[in-house]
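2 protein chains.
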Amino acid sequence: MNTLDPMVQAFILHFGEMGSRWGINRTVGQIYALLYVSEDPLNAEQISERLGLSRSNVSMSLKELQSWRLVQLQHLPGDRKDYFATPDDVLDIALTLLEERRKRELDPTLTLLRQSLLEEASTGEQKHAQKKLQEMCALMEQVSDWSDDLLKLSRSDLELLLRFGNKVPRLLEMKDKIAVLGKKKGN
Amino acid sequence: MNTLDPMVQAFILHFGEMGSRWGINRTVGQIYALLYVSEDPLNAEQISERLGLSRSNVSMSLKELQSWRLVQLQHLPGDRKDYFATPDDVLDIALTLLEERRKRELDPTLTLLRQSLLEEASTGEQKHAQKKLQEMCALMEQVSDWSDDLLKLSRSDLELLLRFGNKVPRLLEMKDKIAVLGKKKGN
DNA sequence: CAGTAATTTCAGTAATTACTGAAACTACAG
DNA sequence: CTGTAGTTTCAGTAATTACTGAAATTACTG
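The listed protein sequences correspond, in order, to chains A and B.
With the numbering used here applied, the first sequence corresponds to residues 41 to 227, in that order.
With the numbering used here applied, the second sequence corresponds to residues 41 to 227, in that order.
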C-alpha cells in the first residue's frame, strides 16, 4: 500500500473496515474507495499494487463490485487491460445501492412471507404467527413500493425531493390537499 | 429445535440465513424471528430449547438484540426469570432499525468525511479526492437529515406518508407549490 | 497457429467470526 | 450467612469467510 496520500489512505482503510457492516468485505470496500477517489480508471494490477492485495483477490473483488453495479469496466485505446472506475454521480451510486440492497435484503424475505401467507392456519398459535407475518409483509411491501417509485423519479425531481426532504414535516401540513391524491388509488 | 409449526420454522430459518446480509448473525436472526411470532414473551431457556442453541449463546445474542433495541426485557409476576419480547408495532420496529442502521453504517463514515474535509489539499490529485469526498459527504448529510426528520414525525403523519408514499411522483407534480416551502429554509 | 499478455478459477491456508461448556458472578430466599 | 436459581463471562474450539499462488483459460498479435 505505497505512496497514497494520508487523507486518501485513511478513507480507503475506513471503507475497508466499514465493509463488513455494509455487507461487503474489507478488500471490496477498499477497492471501491480507491476507485471512487481516483481521477482516472485503474487496472487490476494498479489496484493490487496500491492496496497490497493479491492479483486474484482483486479480480474476485472487482467481479463482486460489478455484480453490485458499483464499478464500470472501461478500455483505453491501444491497451488490452481492463480498467475500472466508479460512476461519477454520487446520487446515481446511492440509487444503485438502494436498488441492490432491496434486491438482496428485502426481496427474498418478501417472497417467503407471501408464500407463508398462502397457507391455511388452524391452531390459535398459527393464526397469531400468520397475523404477525402479514403485518411484516404489508410494511415491507410499502417500503418496497416506495423505493421502486423513488428509483423511477427523474433526476431533477429526485434532487428536489432530497433538497427540501428534510422539511418533510412541513410537507405534511399540506396533507388535506395531498390526501385527495392518495385516495385516487384507493387504499 | 422441537415442535415448531412448519411455517414458523421456515420463517425462523429464513431469518437466520438472512442474518448475515443484515449485519447480524444466524443465531441473532433466529431468536428475533422466534420472539417476533411468539404470542407471549419467552425466557432464555425456552429460546435455547426451541432453537437448539446453547444457553450462553442465547444470552449473548439477546444482549446484541437489546443493543439494537429490537427486543424488550420484561418480568412476569412471581417469576425471577428474564422474559423477552419484540415491540409489537412493525412500524416502530422499522424506525428503530432505520435509526440503528444509520448510527452504525452512516455516522462513522460521516464523521471521517467531515474530518477529512477540514484538511488542506495541495496537489491536484488531493484536490480531486477531496472534491469527491465532499460530494459523498453532502449526500450522506442529506440522507441523514432525511431520516432524522422521518424519525420525528408523528405516527399518523408517518402512516400517511407511507400510505400514499408510492405516489411520490404525483406529489412532485405539485412542486411549484412545494418549492415555496423549500425556499423558506434557503438552500 | 504459436506465443504472450491478461484474467479467472480453485484448492489450500489464513484470518475472522460464531458457539460452547465450565466457571464466575448476581441477587434473592430461607 | 448459605444455598439456589438465574445470568454472564470467557477461554477454547468449531464453522465460516477471506485470501493467496499456481494452474487453467481467454483473447489477442505477429
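All C-beta atoms in this analysis are idealised placements derived from N, C-alpha and C, irrespective of residue type, glycine included.
Not a single CB atom of chain B sits nearer than 8 Å to the CB of residue 125 of chain A. In the DSSP assignment, residue 125 of chain A is bridged to A/112. Contact between the region 123-134 of chain A and the region 72-81 of chain A is established, with three or more Cβ pairs separated by less than 8 Å.
Near chain B, meaning a CB-to-CB distance below 9 Å, the residues of the region 48-66 of chain A are 48, 50, 51, 54, 55, 57, 58, 60, 61, 62 and 63. The residue from A/45, A/43, A/71 and A/46 with its alpha-carbon nearest to that of residue 55 of chain A is A/71. When 8 Å is used as the limit between beta carbons, residue 156 of chain B is near these residues of chain A: 47, 50 and 51, in chain order. The C-beta distance from residue 68 of chain A to residue 59 of chain A rounds to 6 Å, short enough to fall under 8 Å. Identification of chain A residues near residue 144 of chain B by a Cβ-Cβ cut-off of 8 Å yields 61, ordered along the chain. Residue-level contact by beta carbon fails for residue 111 of chain B and chain A, as no gap is shorter than 8 Å. If you draw a straight line from the Cα of residue 61 of chain B to the Cα of residue 141 of chain A, it comes to about 9 Å.
The beta-carbon of residue 149 of chain B is placed less than 8 Å from the nearest beta-carbon of chain A. Residue 84 of chain A: member of the alpha helix (DSSP H) spanning 84-91, first to last residue. Excluding sequence positions up to five before and after residue 138 of chain B, its CB lies within less than 8 Å of the CB of 187, 190 and 191, all in the same chain and listed in chain order.
Taking C-alpha positions only, residue 195 of chain B is separated from residue 112 of chain A by approximately 42 Å. Taking 9 Å as the Cβ-Cβ cut-off, the region 68-81 of chain B approaches chain A at 76, 77, 78 and 79, given in chain order. Under the three-state reduction of DSSP output, residue 186 of chain B falls in the helix class.
Taking a contact as a CB-CB distance under 8 Å, the pair residue 157 of chain B and residue 173 of chain B counts as one, their CB atoms being some 6 Å apart.
Any Cβ of chain B closer than 8 Å to the Cβ of residue 140 of chain A would place that residue at the interface, and such an atom is absent. Rounded to whole angstroms, the separation of the alpha carbons of residue 44 of chain B and residue 89 of chain B is 11 Å.
The contact set of residue 91 of chain B on chain A, defined by CB atoms closer than 8 Å, is empty, because the minimum CB distance reaches about 15 Å. In this structure residue 134 of chain B is not in contact with residue 152 of chain A, their Cβ atoms being roughly 18 Å apart against a cut-off of 8 Å. Take residue 65 of chain B, set aside five residues on each side of it, and the residues of its chain with a beta-carbon closer than 7 Å to its own are 59, in chain order. Counted as a single uninterrupted DSSP element, the stretch harbouring residue 65 of chain B is not any alpha helix (DSSP H), since DSSP gives it neither H nor E. In the structure shown, residue 175 of chain B adopts helical secondary structure according to DSSP, grouped into three states. Under the DSSP assignment, residue 56 of chain A falls in the alpha helix (DSSP H) whose first and last residues are 46-59.
Separation of residue 110 of chain B and residue 121 of chain B (C-alpha to C-alpha, rounded to the nearest whole angstrom) is 19 Å. Think of a sphere of 9 Å around the beta carbon of residue 166 of chain A: the chain B residues whose beta carbon falls inside it are 45, 47 and 48, in chain order. A check of alpha carbon separations from residue 132 of chain B across B/203, B/53 and B/198 identifies B/198 as the nearest. Annotation: residue 200 of chain A to residue 182 of chain B spans about 12 Å, alpha carbon to alpha carbon.
Closer than 8 Å to the CB of residue 159 of chain B there is at least one CB belonging to chain A. Counting the other CB atoms within 10 Å of its CB gives residue 100 of chain B a total below 16, which places it among the exposed residues. For residue 130 of chain B, the closest of B/179, B/52, B/202 and B/148 by C-alpha to C-alpha distance is B/202.
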